[in-house]
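Chains as they are written, first to last, in our numbering: chain A, 1458 to 1590; chain B, 1458 to 1590; chain C, 1458 to 1590; chain D, 1458 to 1590.
See below:
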């Protein structure tokens, strides 16, 4: 069960990295049941990226893998075409990462959107590391 | 345009009041266009109250009045029966309050859910006051 | 089939009445198939009234009666409890009126929202009269 | 904050271009928060294009770029596969353009649909220019 304190440290770590890069992003933290725990939109992030941050976190929590790893299952030629249409629509590019407890169990997920995809991934990774290696 | 710093001060003021009362709530902050700006679920708040906090804030932002004031328009015998079915469903009980700039213009709304309705209202009022009288 | 010119004259007549009253409203004009034909939000109308104007017009077009007349079928004690939940949610208070051709056939509907219910009704009636008695 | 007068001049400029080309289109104008401000369907435009015009405008407002520029992020081989499934579904082909104030800030968006895509783009550009170069 992810705590408020943990969710805030995840967001703080992500925002610190975003500021270092010099961009504005949304950071969403969900619990393992995909319910919203904490969210922050940095000043200047475009409105369309709010839903994408939420969607990346939801995708990562639903499948317990990164959002872009889900794409490997449904990309052209892969085994599960249309998988991205399940669950009301998945976000299948980088920026969503499961959050794990020290024992390795998934306790939630973080989703980042607002920058280039590689920037969103970097920020999400920095955010996820706030819970420990 | 509500800022991240303002949204955080709203949530912090609300959570301080909730802790004083001794309950766990969700606090949602939206901008004037009803887009999510910040959110926090305190440890122990029931899952069903996440959507209610968001809905109260959305209702207050859409109509620029408190969420319970919307009920006065659609309660039994009032002039607008079924108003609560508009906009994808409104939350028409206390806990949603418009947030205003010093010049009186609406810059967003806060929504609180998790306690008794009177507690949610008290917490939302404390949260809204973080932006000044 | 309602024309663009007719839809504009409906909106113009409604806005003229709204200005005379001194309020800001949304005016939606749909065709007989409930598809959007024209829409205008006057400066200052609250955001929540956009969907209500559309909903009143849709309700009037779907049943070929005023939006408040639908309420007579589903109000407490009436024969069709819950009717207002059909069609994705109806708006069952005044401000929606069918638009008719000179031969009496329904060619669409107008919906008004933004003022008090009695004001919305008055503006919708003025708007509908733009198509002739 | 886009005004009614501005929204009307956008629609008038777009319709003038559509008439010059000889086609019938829908033109939607949204505010910066993606809320409907004004809409017009020219006589003869197919019903399916109503939602497309609204969707193109919404896409442009959400990301503050043209609707077709969003496609560059999610087309086959690009970095954000499935981006078009976010925000309830985006319209990622030409005809949606952000509307800007003289200071460069985004105050809304226009969406055009009903003709060939290249025609929709030409009409949307003519419409957007109504607010100045």
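All residues carry an ideal CB built from backbone N, CA and C; glycine is no exception.
Taking 8 Å as the limit between beta carbons, can you name the residues of its chain near residue 1494 (chain C), skipping five residues before and five after?
1459, 1461, 1464, 1486, 1487, 1488, 1565
For the ligand FMN, is there any heavy atom lying closer than 6 Å to the beta carbon of residue 1582 (chain C)?
Absence of the ligand FMN from the depicted structure is noted, as is the absence of any ligand whatsoever, leaving it without description.
Going by Cα to Cα distance, which pick from D:1515, D:1506, D:1544 is closest to residue 1574 (chain D)?
Closest in C-alpha terms to residue 1574 (chain D), from the list D:1515, D:1506, D:1544, comes D:1506.
Cα-Cα separation between residue 1581 (chain B) and residue 1492 (chain B), rounded to whole angstroms:
18 Å
Quick check on residue 1551 (chain D): does DSSP put it in helix, strand or coil?
coil
Alpha carbon to alpha carbon, how far is residue 1554 (chain A) from residue 1498 (chain B)?
20 Å
For a cutoff of 7 Å on Cβ pairs, would you count residue 1498 (chain C) as touching chain D?
yes
Given residue 1557 (chain C), which residues of its chain have a CB within under 6 Å of its CB, disregarding the five upstream and five downstream residues?
1563
Ordered list of alpha helix (DSSP H) runs contained in the segment 1515-1548 of chain D, each at least 4 residues:
1524-1531
7 Å Cβ shell around residue 1535 (chain D) - same chain, five flanking residues per side excluded
1529
From the beta carbon of residue 1486 (chain C), is the nearest beta carbon of chain D less than 7 Å away?
no
What residue does the beta strand (DSSP E) around residue 1564 (chain D) start on, and which one ends it?
1563-1570
What are the uninterrupted segments assigned as beta strand (DSSP E) that are 3 or more residues long and contained completely in the segment 1463-1508 of chain B, given in chain order?
Unbroken beta strand (DSSP E) runs of no fewer than 3 residues, entirely contained in the segment 1463-1508 of chain B, are found at 1483-1488, 1493-1498, following chain order.
Measure from the alpha carbon of residue 1514 (chain D) to the alpha carbon of each residue in D:1537, D:1539, D:1547, then state which is nearest.
Comparing Cα-Cα distances from residue 1514 (chain D) to each of D:1537, D:1539, D:1547, the minimum goes to D:1547.
Partners in chain D for residue 1504 (chain C), counting only beta-carbon separations shorter than 9 Å:
Here the neighbours are 1488, 1490, 1492.
I'd like to check one pair, residue 1567 (chain B) with residue 1585 (chain B): are the Cβ atoms closer than 7 Å?
Judged by beta-carbon spacing, residue 1567 (chain B) lies within the 7 Å limit of residue 1585 (chain B), meaning their Cβ atoms are closer than that value.
Does chain B have any CB closer than 7 Å to the CB of residue 1507 (chain A)?
yes
Does the beta carbon of residue 1461 (chain D) come closer than 7 Å to any beta carbon on chain C?
True, the Cβ-Cβ gap to chain C drops below 7 Å.
Could you tell me the alpha carbon to alpha carbon distance between residue 1470 (chain A) and residue 1504 (chain A), rounded to whole angstroms?
22 Å
Residue 1522 (chain D) versus D:1550, D:1500, D:1483, residue with shortest Cα-Cα distance
Relative to the Cα of residue 1522 (chain D), the nearest Cα in the group D:1550, D:1500, D:1483 belongs to D:1550.
Report the rounded CA-to-CA distance for residue 1579 (chain B) versus residue 1552 (chain B), giving the unit in angstroms.
8 Å
Report all residues from its chain with a CB closer than 6 Å to the CB of residue 1537 (chain A); omit the five preceding and five following residues, and keep chain order.
1530, 1531
Among residues of its own chain, excluding the 5 on either side of residue 1500 (chain C), which ones have a beta-carbon nearer than 7 Å to its beta-carbon?
1481
If you drop the 5 nearest sequence neighbours on each side, which residues of the same chain put their C-beta closer than 7 Å to that of residue 1583 (chain A)?
1470, 1471, 1474
Which of the three DSSP states, helix, strand or coil, is assigned to residue 1460 (chain B)?
coil
Mind listing the chain C neighbours of residue 1520 (chain B)? Cutoff is C-beta to C-beta under 9 Å, in chain order.
1503, 1504, 1505, 1506
Excluding sequence positions up to five away, which residues of its chain have a Cβ less than 6 Å from the Cβ of residue 1516 (chain D)?
1524, 1527, 1547, 1548, 1553
On the DSSP bridge assignment, give the partners of residue 1511 (chain D) in chain order.
Looking at the DSSP assignment, residue 1511 (chain D) forms no beta bridge with any residue, so it has no partner.
Between residue 1584 (chain B) and chain A, is the shortest Cβ-Cβ distance under 7 Å, so that the two count as touching?
no
Could you name the residues of the same chain whose beta carbon sits closer than 7 Å to that of residue 1520 (chain B), not counting the 5 residues immediately before and after it, in chain order?
1527
Could you name the residues of the same chain whose beta carbon sits closer than 6 Å to that of residue 1540 (chain A), not counting the 5 residues immediately before and after it, in chain order?
Here the set comprises 1530, 1531.
Buried or exposed: where does residue 1479 (chain B) fall if 16 or more other Cβ atoms within 10 Å of its Cβ makes it buried?
exposed
Grab me the residues of residue 1483 (chain C)'s own chain with a C-beta within less than 6 Å of its C-beta, minus the 5 sequence neighbours each way, in chain order.
Same-chain partners within the cutoff: 1498, 1502, 1506, 1507, 1510, 1570, 1571.
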